[in-house]
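Data first, discussion second: the structure below is written as structure tokens.
Number of protein chains: 2
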Amino acid sequence: MNFGVSFMTLGVSDVAAATAFYVAMGLNPHPRSNPDITFFDLHGRILALFDRTSLAEDAAQEDHHDGSFGGSTMACNVSSPEDVQPMLDRAVAAGGTLLRTPSEPPWGGLRGYFADLDGHPWEVVWNPSCQVDSTGRISF
Amino acid sequence: MNFGVSFMTLGVSDVAAATAFYVAMGLNPHPRSNPDITFFDLHGRILALFDRTSLAEDAAQEDHHDGSFGGSTMACNVSSPEDVQPMLDRAVAAGGTLLRTPSEPPWGGLRGYFADLDGHPWEVVWNPSCQVDSTGRISF
Numbered sequence: 000m001n002f003g004v005s006f007m008t009l010g011v012s013d014v015a016a017a018t019a020f021y022v023a024m025g026l027n028p029h030p031r032s033n034p035d036i037t038f039f040d041l042h043g044r045i046l047a048l049f050d051r052t053s054l055a056e057d058a059a060q061e062d063h064h065d066g067s068f069g070g071s072t073m074a075c076n077v078s079s080p081e082d083v084q085p086m087l088d089r090a091v092a093a094g095g096t097l098l099r100t101p102s103e104p105p106w107g108g109l110r111g112y113f114a115d116l117d118g119h120p121w122e123v124v125w126n127p128s129c130q131v132d133s134t135g136r137i138s139f
Numbered sequence: 000m001n002f003g004v005s006f007m008t009l010g011v012s013d014v015a016a017a018t019a020f021y022v023a024m025g026l027n028p029h030p031r032s033n034p035d036i037t038f039f040d041l042h043g044r045i046l047a048l049f050d051r052t053s054l055a056e057d058a059a060q061e062d063h064h065d066g067s068f069g070g071s072t073m074a075c076n077v078s079s080p081e082d083v084q085p086m087l088d089r090a091v092a093a094g095g096t097l098l099r100t101p102s103e104p105p106w107g108g109l110r111g112y113f114a115d116l117d118g119h120p121w122e123v124v125w126n127p128s129c130q131v132d133s134t135g136r137i138s139f
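What follows is the structure, given as structure tokens:
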């Protein structure tokens with residue numbers, strides 16, 4: 000059960016406009032992108048663009064624009080649903096904070112969130128439609 | 000000149016404590032880490048831990064804790080110093096904001112910063128001690 004970064008998700012105010020910006024930078028949206036979320040596959044690490052308020056809600060963060068939510072999250076994909084809780088437990092044992100106990104998001108799978116010592120939110124997620132290799136790279 | 004993510008840097012209040020947290024999560028610091036910054040090499044993408052105030056200053060951001068600086072940055076390493084300005088120009092042409100014109104940081108190389116449409120700061124950096132392959136992966 001390896002810890003690493005599989006997704007980096009930026010909270011944005013307008014997914015279409017933000018997508019156009021990153022396309023202009025040279026990135027190509029993954030075919031599984033949809034109007035709610037854009038995925039850019041950077042050779043196995045995914046840069047995602049998602050509505051900022053929805054992202055804060057998913058991470059069980061209040062988005063007060065007071066700096067308590069930084070506007071982005073990182074995710075560690077795990078390869079089975081049984082790995083989600085132990086990874087959250089590991090973070091709490093290391094001094095992190097549990098933000099959200101594991102539950103099924105609307106798009107399926109299982110995910111919880113923790114914050115590191117400085118409040119950076121991490122999703123720990125099992126997504127049955129994503130394969131994770133031993134280096135943490137995603138194919139989906 | 001490819002755009003992508005080579006570094007993800009989290010601003011932290013105590014680099015040693017934050018490092019201990021991520022070590023407890025299972026990551027191994029890269030030998031080039033030092034007391035000011037920790038690098039974790041995630042198979043060619045680097046997760047870095049750096050003092051939050053210093054990170055905000057490097058990105059030419061005020062850290063008012065009002066949400067204007069989210070507490071983290073991403074970097075796109077380029078393979079020559081001549082690529083820094085054109086990548087910043089590309090971002091500005093796409094509607095981004097120039098945060099910092101190219102200059103040499105104390106640790107060498109050349110770097111500038113832009114913000115995307117939602118204020119997420121990106122460093123565009125040439126670091127002579129980092130090799131970037133065509134997929135954006137770093138070896139250093």
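Which chain is which? The protein sequence lines are A and B, in order.
With numbering that gives the first Met the number 0, letter number 83 in the first sequence gets 82, and the count goes up by one each step, no holes.
With numbering that gives the first Met the number 0, letter number 46 in the second sequence gets 45, and the count goes up by one each step, no holes.
For glycine and all other residues, C-beta sits at the position ideal for the given N, C-alpha and C.
Could you tell me the alpha carbon to alpha carbon distance between residue i and residue j, rounded to whole angstroms?
i	j	result
G111/A	E81/B	43 Å
T72/A	M7/B	11 Å
A74/B	D35/B	18 Å
T134/A	A55/B	30 Å
Q84/A	S5/A	18 Å
H29/A	G3/A	21 Å
A23/B	A90/A	8 Å
A114/A	L98/A	6 Å
A15/A	T96/B	18 Å
A47/B	L46/A	17 Å
G10/B	G70/B	5 Å
N33/B	G94/B	36 Å
H119/A	H119/B	15 Å
R51/A	L116/B	12 Å
D57/B	W106/A	38 Å
G25/A	A92/B	12 Å
Y21/A	D13/B	33 Å
DSSP has residue i in a bridge; who is on the other side?
i	result
E122/B	A74/B, Y112/B
Q84/A	The partner list for Q84/A (beta bridge, DSSP) is empty, contrary to what the question assumes.
M7/A	L46/A, M73/A
N33/B	I36/B
L97/B	F113/B
Q60/A	Per DSSP, none; premise fails for Q60/A.
L41/B	R44/B
V131/A	I137/A
P28/A	F39/A
S102/A	R110/A
Given that a residue counts as buried once 16 or more other Cβ atoms are within 10 Å of its Cβ, and exposed if not, what is residue i?
i	result
T37/B	buried
D132/A	exposed
Q60/B	buried
D40/B	buried
R31/B	exposed
M86/A	buried
N76/B	buried
E103/B	exposed
W121/B	buried
For residue i, which residues of its own chain have a beta-carbon under 6 Å away from its beta-carbon, when the five flanking residues on both sides are left out?
i	result
G43/B	R136, I137
N27/B	none
Q130/B	S138
P101/A	V83, Q84, L109, G111
V123/A	C75, V83, M86, L87, G111
A19/A	none
Apart from the five residues on each side of it in sequence, which residues of its chain come closer than 8 Å, Cβ to Cβ, to residue i?
i	result
S79/A	W125
A17/A	L9, V11, T37, L48
Spatial neighbours of residue i within its chain, please: C-beta separation below 7 Å, excluding the five flanking residues on both sides.
i	result
M0/A	V77, D82, P85, M86
D62/A	R51, T52, A55, F68
P127/A	G107, G108
Would you list, in chain order, the members of the stretch 15-29 of chain B that have their beta-carbon closer than 7 Å to a beta-carbon of chain A?
Across the stretch 15-29 of chain B, CB contacts with chain A closer than 7 Å involve A16, A17, F20, A23, M24, G25, L26, in sequence order along the chain.
Using Cβ-Cβ distances below 9 Å, what residues of the stretch 84-115 of chain B are close to chain A?
Listed by position along the chain: M86, R89, A90, A92, A93, G94, G95, D115.
Select from the stretch 1-16 of chain B all residues with a C-beta closer than 9 Å to any C-beta belonging to chain A, and list them in chain order.
N1, F2, G3, V4, M7, L9, G10, V11, S12, D13, A16
Proximal residues, the stretch 114-133 of chain A versus chain B, C-beta separation under 8 Å:
D115, L116, D117, G118, H119
Selection of the stretch 42-56 of chain A by Cβ proximity to chain E, strictly under 8 Å:
The question asks about chain E, but that chain is absent: this structure's protein chains are A and B.
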